[in-house]
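Step one of this worksheet: look at the structure below.
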Amino acid sequence: MRLVIPLAITFTAGMIMILNFFVPHQPFKFLGENLQEWYMIVASGAIFLGVMNLMHVHSRKIRLKQKNWKYSPVTIIGFLLMLVTGLIYGVAENMPFDYLFMNMVAPMSATMFSLLAFFVASAAFRAFRASNWRATLLLTSAFLVMLGQVPIGAMIWDKIPLAKVWLMSIPNTAGQRAVMIGAAMGVVSTSLRMIFGIERSWLGGAD
Amino acid sequence: MADFYEKLGNLDRRIIFVLIALSVMIPIIFNMVFPNPVGAEPSRDMFDYVDALPEGSNVLLSFDYDPSTMPELQPMAEAIVLHLFKKNINIVGMALWPQGASLGQDAMSSMADSLGKVQFEDWVNLGYKTGGGVMIVRLGSSMSAVFPTDRDNVPWSEIPMLRSITNLESFSLIISLSAGDPGIIQWVMMAGDRFGVPIGGGCTAVSAPTLYTYLQTGQMVGLLGGLKGAADYETLIGIVGGQAVRGMAPQSIAHVVIMLFIIIGNVAYFLQRKKGGVK
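Protein chains in written order, with this note's numbering: chain A, 19 to 225; chain B, 104 to 382.
Now the structure itself:
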């Protein structure tokens, strides 16, 4: 039963959604819309699961004094602070939650992401070598895109932004499209394998 | 001399970090502003499409990002909101990312205050809802089923500007400001391809190459890529000295510094190789 029930649910839900797409009329419309709402409810439940997991992982880390455990109380206190202010005062503007979000969460998150520039510069210096003609081609394209993406490119030569647009629109699009079509076909085939019970790794070893 | 090339090739990364920091800080401290000409870029297509929308249209603006990508996407959000408000277009805001709802609120309310726009009449923030692509499909049949209330728990039926809105087809344009998944791709696949609603968007510079495919096929009406896209939009709507345009000088110099490091690294590499130090 551990195998049959999940497979039956997957097959039924998958077929309803496929039929709903190709036959957008009753009863598939009603069933499809209901399943979409169920999905949103289940996904909301996953947020609570994530919260429980966060608390469990960090409280365990503190209890066992694992590596870098000193950061865990900061995580827990930060989480509880946002939770409590949100629950008590709501998320409206000029309330404590909003104040903390705009003045602490936002600048700290932006700072973390900004560090990327430093690591990109360091990595590019060490790894970006024109060691053969393909690498040289990539390097030249990168230079043109980097210059075309900022006004200094046009200040050096007004054709650089045009070269950037061409690189992005033609060679880049060709490569990206190949990747996307390949990935989409993979998604379709994996989904069909799951719906028809051929792919069962998601059962977590129940088969 | 060979020792020098080796040292050059193994430059301490702290020196690189300091020079990158200076290349960003100096233009900001000295308030340097570079002219930002806008050529035939997807950002111009985006501006043209929004500018051609008739007064009183409804536009759905989805804030699908969080504070980590705020430096690139928030200036876009503010410029687009300003443009829509100036054109007297109604804005329905929402978010596929939890923290996007607060960032969207900040962008819309600050612009609304400066232009005298009224919440619930000219703009509304429906807030965040989980579900990504599946939720977008549900919006295609009923908006109020997904958002029975707005972000501040005001019921859908009590919001005057939402009376004319039933589903995604009520919108003249959907704009997603996206930092990843879920974001523009889901809007294109679920709202654009399935319900025929025009999609525009803004994204971080690193994710722009993926989205160019949708521009060529006409699945997107325009795209703002990174801070340059935001600066282009600010320039096109006539904002003087906007935060994205001001960000172009530090970004220009940082790009040049990174390129110089790459050149130095390659020079050291070739000289070492010539001496037989590198294979």
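We treat Cβ as the ideally placed atom computed from N, Cα and C, and that holds for glycine.
Judged by their CB atoms, D167 (chain B) and G142 (chain B) are not nearer to each other than the 9 Å cut-off. At least one CB of chain B lies nearer than 9 Å to the CB of N190 (chain A). With distances taken between CA atoms, Q222 (chain B) lies nearest to B:I262 out of B:I262, B:S247, B:M238. Counted as a single uninterrupted DSSP element, the beta strand (DSSP E) harbouring S165 (chain B) occupies residues 161-167.
CA-CA distance, S127 (chain A) to M128 (chain B), rounds to 19 Å.
When the Cα atoms are used, S171 (chain B) and A124 (chain A) turn out to be separated by approximately 7 Å.
Not one beta carbon of chain B lies nearer than 9 Å to the beta carbon of P114 (chain A). When the Cα atoms are used, P157 (chain B) and N112 (chain A) turn out to be separated by approximately 34 Å.
The continuous stretches of alpha helix (DSSP H) do not include V227 (chain B), which lies in the beta strand (DSSP E) extending over residues 226-231.
What Q319 (chain B) touches in chain A, judged by beta-carbon distance under 7 Å, is S187, T191, going in chain order. Close to chain A, meaning a Cβ-Cβ distance shorter than 8 Å, are the following residues of the region 293-324 of chain B: A308, A311, P312, T313, Y315, T316, L318, Q319. The Cβ atoms of G332 (chain B) and P130 (chain B) lie no closer than 9 Å to each other. At least one C-beta of chain B is nearer than 9 Å to the C-beta of R144 (chain A). For G235 (chain B), the closest Cβ of chain A is nearer than 9 Å. In the three-state reduction of the DSSP assignment, N190 (chain A) falls in the helix class, which pools H, G and I. The beta carbon of A334 (chain B) falls within 9 Å of a beta carbon belonging to chain A, placing the residue at that interface. Secondary structure note for L280 (chain B): its beta strand (DSSP E) is the uninterrupted segment 276-281. Counting C-beta atoms within 10 angstroms of its own C-beta, A155 (chain B) has fewer than 16 neighbours from the protein chains shown and is therefore classed as exposed.
Beta-bridge pairing by DSSP links T252 (chain B) to B:P258. Close partners of Y57 (chain A) in chain B (Cβ separation under 7 Å): G234, V237. Collapsing the DSSP output to three states places I118 (chain B) in a helix. With fewer than 16 other CB atoms across the displayed protein chains lying within 10 angstroms of its CB, W56 (chain A) is exposed.
Secondary structure note for G63 (chain A): its alpha helix (DSSP H) is the uninterrupted segment 46-81. For a Cβ distance threshold of 9 Å, nothing in chain B lies close to I213 (chain A): the least Cβ distance comes to about 16 Å.
Residue-level contact check: S165 (chain B) does not touch chain A, since none of the beta carbons of chain A fall below 9 Å from its beta carbon.
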